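Here's the structure we're looking at; comments come further down.
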Amino acid sequence: MQKQVEEARVFGIQKFCKDMLDVADVLGAALESVPRKAVTPDNPHLEGLYKGLEMTQSQMQSIFRRHGLVQVNPLGEKFNPNDHQAVFVHKDASKPPGTVAVVSKIGYKLKDRTIRPAMVGVVEAP
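In this note's numbering, the protein residues as written are 10 to 135.
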């Protein structure tokens with residue numbers, strides 16, 4: 010009975026978590042769009058805004074972890090169709106075929122359920 014209650018709870022927050030991932034992606038893109046060299050004490054408004062965005066992102070990831078939502082970054086791992094979505098093939102003779110060579114979008118798991126597969130580039134056989 011306890012397991013069923015936990016599964017129902019996880020299912021209940023799954024859609025909300027998926028929706029929040031879009032917010033996390035936008036926040037991450039906003040941070041990545043600012044050249045790190047531009048964030049200086051000479052530009053206090055940008056520096057304050059950037060630090061605020063970093064703190065918001067950190068707090069969001071902390072809340073995600075508290076509720077069992079964790080990032081999946083499979084760089085260098087063997088491709089797993091249950092957790093990854095191959096969006097392109099990558100040529101790299103230094104890595105074995107079937108290895109994730111590029112992660113274009115981080116995936117997420119809620120407890121043990123993949124709620125967004127990582128979007129990846131996979132090494133193809135020569």
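For every residue, glycine included, the Cβ atom is placed at its ideal position computed from N, Cα and C.
It should be emphasised that the depicted structure is a prediction, and the values quoted were computed from it without experimental measurement.
Top-ranked residue by Cα proximity to residue i, from the options
{"i": "residue 78", "options": "12, 14, 122", "result": "122"}
{"i": "residue 90", "options": "99, 74, 108, 40", "result": "108"}
{"i": "residue 125", "options": "115, 98, 132, 54", "result": "115"}
{"i": "residue 117", "options": "24, 30, 19", "result": "30"}
{"i": "residue 132", "options": "113, 71, 119, 105", "result": "105"}
{"i": "residue 96", "options": "83, 113, 66", "result": "113"}
{"i": "residue 69", "options": "38, 33, 92", "result": "33"}
{"i": "residue 16", "options": "81, 86, 120", "result": "120"}
{"i": "residue 101", "options": "93, 130, 74, 75", "result": "130"}
{"i": "residue 23", "options": "76, 103, 38, 49", "result": "76"}
Unbroken alpha helix (DSSP H) run spanning residue i, endpoints
{"i": "residue 35", "result": "11 to 42"}
Assigned secondary structure, residue i (DSSP; H/G/I helix, E/B strand, else coil)
{"i": "residue 65", "result": "helix"}
{"i": "residue 110", "result": "strand"}
{"i": "residue 88", "result": "coil"}
{"i": "residue 47", "result": "helix"}
{"i": "residue 76", "result": "coil"}
{"i": "residue 60", "result": "helix"}
Distance between residue j and residue i (C-alpha atoms, nearest Å)
{"i": "residue 59", "j": "residue 13", "result": "43 angstroms"}
{"i": "residue 53", "j": "residue 61", "result": "12 angstroms"}
{"i": "residue 36", "j": "residue 65", "result": "8 angstroms"}
{"i": "residue 72", "j": "residue 83", "result": "22 angstroms"}
{"i": "residue 135", "j": "residue 110", "result": "15 angstroms"}
{"i": "residue 92", "j": "residue 43", "result": "30 angstroms"}
Host beta strand (DSSP E) of residue i (start-end)
{"i": "residue 95", "result": "93 to 99"}
{"i": "residue 127", "result": "127 to 132"}
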